[in-house]
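Trainee: Below: one structure in structure tokens.
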Amino acid sequence: MISPNLRSGAPLSPAAADVLRIVNDSGTPVFVTVHADGRRRYSYWQPLDARTGRGGCYTALPTAECDQLHSAGRIALGEPLTDPTRTIYRVRPTRTPAPPARAARAAAARPAARPRAERGRLWAA
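For what it's worth, my numbering labels the leading residue of the sequence shown as 1275, then goes sequentially.
Now the structure itself:
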């Protein structure tokens, strides 16, 4: 059953919110592998963090939350890449992510364009 939170756009569980955060990051490709027996595994490549020494591996995402997000239409699967034992799909968000807060603040801080008359370019007819 699909959680009402996923349908209504209400706040998501922390795990589902983390999945959407990762899927919305264009620099982190997320894939789902569907094996011949029907088993699914959602995963992404976690780059190596030089500061902590962690990462540099594929990281699995919680299948139950990913399946709920897919059923609710919050994530979509791309074109299949098939081999004899599995099919791999790219996972993408279905909604356009909001612009970063920094970009929104910068756009709001820019002065609005002045009308032509205020720029001193009035043309006599």
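Cβ coordinates follow ideal geometry from the N, Cα and C atoms, glycine included.
Can you tell me whether Tyr1363 is buried or exposed, with buried defined as 16 or more other CB within 10 angstroms of its CB?
Mentor: The residue in question, Tyr1363, is buried, as its Cβ has 16 or more Cβ neighbours within 10 Å.
Trainee: How many Å lie between Thr1302 and Leu1335 at the Cα?
Mentor: Looking at the two C-alpha atoms, the distance is approximately 13 Å.
Trainee: Rounded to whole angstroms, how far is the Cβ of Val1306 from the Cβ of Arg1295, which I believe are closer than 8 Å?
Mentor: Contact doesn't hold; Cβ gap of about 17 Å is too wide.
Trainee: Would you mind reading off the limits of the beta strand (DSSP E) that contains Leu1351?
Mentor: 1349-1351 is the extent of the beta strand (DSSP E) around Leu1351.
Trainee: Can you have a look at Ala1346 and say buried or exposed, based on whether 16 or more other CB atoms are within 10 angstroms of its CB?
Mentor: Result: buried.
Trainee: When DSSP builds the beta bridges, which residues end up paired with Val1365?
Mentor: In DSSP, Val1365 forms a bridge with Val1304, Leu1351.
Trainee: Keeping to the same chain, check which residues put their C-beta closer than 8 Å to that of Thr1333; ignore five residues upstream and five downstream.
Mentor: For Thr1333, where only same-chain residues beyond five positions count, the Cβ hits under 8 Å are Ser1317, Tyr1318, Trp1319, Gln1320.
Trainee: So which of Thr1326, Asp1311, Arg1366, Asp1341 has the shortest CA-CA distance to Glu1353?
Mentor: Ranking Thr1326, Asp1311, Arg1366, Asp1341 by Cα distance to Glu1353 puts Arg1366 first.
Trainee: Relative to the C-alpha of Thr1356, which residue among Ala1350, Asp1299, Val1308 is closest?
Mentor: If we check each option's Cα against that of Thr1356, Val1308 comes out closest.
Trainee: Within 10 angstroms of its Cβ, does Leu1322 collect 16 or more other Cβ (buried), or is it exposed?
Mentor: Answer is exposed; the Cβ neighbour count stays below 16.
Trainee: Could you pull the DSSP bridge partners for Cys1340 from this structure?
Mentor: Looking at the DSSP assignment, Cys1340 forms no beta bridge with any residue, so it has no partner.
Trainee: Run the CB neighbour count on Cys1340, radius 10 Å, all protein chains shown included, and call it buried at 16 or more, exposed below.
Mentor: Cys1340 is buried by the Cβ-count criterion.
Trainee: Ordered along the chain, which non-local residues of its own chain (more than five positions away) have a Cβ less than 8 Å from that of Thr1326?
Mentor: Closer than 8 Å at the Cβ level, and outside the excluded window around Thr1326, lies no residue.
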